[in-house]
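In my numbering, the protein residues as written are 626 to 745.
C-beta atoms are modelled at their ideal positions from N, C-alpha and C, and glycine is treated no differently.
Working notes, beginning with the structure itself.
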Amino acid sequence: MKVLGLRLLLVLLCGCCLACGDNTDWASKGPTGEQYPQAELSLGEAVYIDTCSACHGRNGSGNFGPELVGKGHKYSYDEQRNLVEWGRRSMPGFGASLTDAEIDAVVAYIRVGFFDKSAD
Ligand code: HEC
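Put into structure tokens, the structure is as follows:
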């Protein structure tokens, strides 16, 4: 009984690690439900290429920083926007170097623009 309990605990722990770790294929989840004007997505793309692509890859597939495509399903809009504004661990914050409109636009771009082929 004791051994069985321990095994169950291990299975639960492993399951939890998998769920918490980032083995999820976020990209396959597609864009989030929000809609943004094309002009905002275009601005977001320009900001992204200039400011984010060195660390996150030109197409958001990751480099020094993690993959971003589809992560709008992992974070709410506000969570993601705060992360970009204030940074987190080795991700710098951009609240001082980008305007509010530029941050809005780049967040729109990483949430839906990555999937919008017409924005290319
Ligand atoms: C200097 C490199 C660098 C730059 C430039 C950079 N990031 Fe990051 N970013 C990171 C790193 C490293 C992380 C992981 C942070 C952590 O471990 O908590 C990250 C994490 C993120 C996350 C969370 C991803 C996840 O799956 O948890 C988002 C969203 C994000 N960055 C967006 C952006 C945006 C948008 C820009 C441009 C405005 C940008 N980043 C610019 C390095 C960078």
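May I ask which residues mark the beginning and end of the alpha helix (DSSP H) holding residue 681? 678 to 681
Name the two residues that bound the continuous alpha helix (DSSP H) containing residue 708. 702 to 711
Going straight from the alpha carbon of residue 683 to that of residue 651, what length do you get? 17 Å
Assign residue 736 to one of two classes, buried (16 or more other C-beta atoms within 10 Å of its C-beta) or exposed (fewer than that). buried
Excluding five sequence neighbours on each side, which residues of the same chain lie with their C-beta closer than 8 Å to the C-beta of residue 692? 651, 652, 681, 682, 685, 686
Rounded separation between residue 739 and residue 662 - CA only: 14 Å
Alpha helix (DSSP H) segments (min. 4 residues) lying fully within the stretch 657 to 696: 663 to 672, 678 to 681
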